[in-house]
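*Asks:* Residue numbers (UniProt numbering): 1 to 212.
Backbone N, C-alpha and C fix where the C-beta goes; we use that ideal spot for every residue, glycine too.
This is the structure, below, for whatever I ask next.
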């Protein structure tokens, strides 16, 4: 770029003592497919899969996609992205998913824990096969009066709301929120077991990967 003009603009801003925030430009991939790395865990096993997603899709749409591809009923799915327990109505973009290789965690509850009968699961599977693919939902609008994320007290960089420390200078986040879920293995959580509507849980995913 024009370095001479950049110096002039920077000097003018410094002279007026204006506050500014500098952020790296992100590649616009929200409208296209990206590869999401998903760690799947149930009470007895775990595995990793790559799922093609559109960042603008909602978590509810992602649950339906996993239901169609792997047979995990939406009610037994618990998604965690960036240490946040995901809400169905929010988009993947709102949790920071925007590029290939971004990660997410899928924890599978038992059908009993989700109050789901085998008959209901089978009926919903049949309905999902007949239903058209869901369209990406709108991106939630940021609430007025504040930026998305948190500002670093050292370098003023605006970080994702889920980051524990600054991406630029590694300064620790002031007053971090309490995590809504502990990042522990499902085997350490009481009362959870394999979903009855898809026998084998994460093991079934592994078998499907090996056979494909």
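Please confirm whether residue 60 and residue 102 have their CB atoms less than 7 Å apart.
*Replies:* Stepping through the chain shown from its first residue, residue 60 is reached at position 60. Stepping through the chain shown from its first residue, residue 102 is reached at position 102. Result no, Cβ atoms of residue 60 and residue 102 do not sit closer than 7 Å.
*Asks:* Where residue 65 and residue 36 are concerned, what is the direct C-alpha to C-alpha distance, given to the nearest angstrom?
*Replies:* The residue labelled residue 65 in the question sits at position 65 within the chain shown. The residue labelled residue 36 in the question sits at position 36 within the chain shown. Each residue's Cα considered, the two are about 13 Å apart.
*Asks:* Around the Cβ of residue 96, are there at least 16 other Cβ atoms within 10 angstroms (buried) or fewer (exposed)?
*Replies:* Against the chain shown, residue 96 aligns to sequence position 96. Per the 10 Å Cβ criterion, buried.
*Asks:* Between which residues of its own chain and residue 19 is the CB-CB distance below 8 Å, once the five residues before and five after are set aside?
*Replies:* Here residue 19 refers to the residue found at position 19 when the chain shown is read from its first residue. Contacts found: 156.
*Asks:* According to the neighbour-count rule (16 or more other Cβ atoms, all chains shown, within 10 Å of its Cβ), is residue 73 buried or exposed?
*Replies:* Counting from one through the chain shown, the residue named residue 73 turns up at place 73. Burial call: buried.
*Asks:* Compare the beta carbon distance of residue 80 and residue 108 with 7 Å and say whether it is the shorter of the two.
*Replies:* Counting from one through the chain shown, the residue named residue 80 turns up at place 80. Counting from one through the chain shown, the residue named residue 108 turns up at place 108. In this structure, residue 108 does not lie closer than 7 Å to residue 80 by Cβ.
*Asks:* How long is the line joining the alpha carbons of residue 41 and residue 10, rounded to whole angstroms?
*Replies:* Looking up residue 41 in the chain shown gives position 41. Looking up residue 10 in the chain shown gives position 10. As the crow flies, the alpha-carbon of residue 41 is around 50 Å from that of residue 10.
*Asks:* If we ignore side chains and look at the alpha-carbon of each, how far apart do residue 173 and residue 161 end up?
*Replies:* By one-based count along the chain shown, residue 173 stands at place 173. By one-based count along the chain shown, residue 161 stands at place 161. Approximately 10 Å, taken between the alpha carbons.
*Asks:* Go ahead and label residue 159 buried or exposed: buried means 16 or more other beta carbons lie within 10 angstroms of its beta carbon, across all protein chains shown.
*Replies:* Here residue 159 is taken as the residue at index 159 of the chain shown, counted from 1. Buried, by the Cβ-count rule.
*Asks:* Would you decide whether residue 152 is buried or exposed? Buried here means 16 or more other CB atoms lie within 10 Å of its CB.
*Replies:* Mapped onto the chain shown, residue 152 falls at position 152. Residue 152 is buried by the Cβ-count criterion.
*Asks:* Any idea if residue 5 is buried or exposed, counting beta-carbon neighbours within 10 angstroms, 16 or more meaning buried?
*Replies:* The residue given as residue 5 occupies position 5 in the chain shown. With fewer than 16 Cβ atoms within 10 Å of its Cβ, residue 5 is classed as exposed.
*Asks:* Alpha carbon to alpha carbon, how far is residue 44 from residue 90?
*Replies:* Stepping through the chain shown from its first residue, residue 44 is reached at position 44. Stepping through the chain shown from its first residue, residue 90 is reached at position 90. Approximately 29 Å, taken between the alpha carbons.
*Asks:* Between which two residues does the beta strand (DSSP E) holding residue 6 run?
*Replies:* The residue you call residue 6 lines up with position 6 of the chain shown. Element bounds for residue 6: not the beta strand (DSSP E) but the alpha helix (DSSP H), 3-15.
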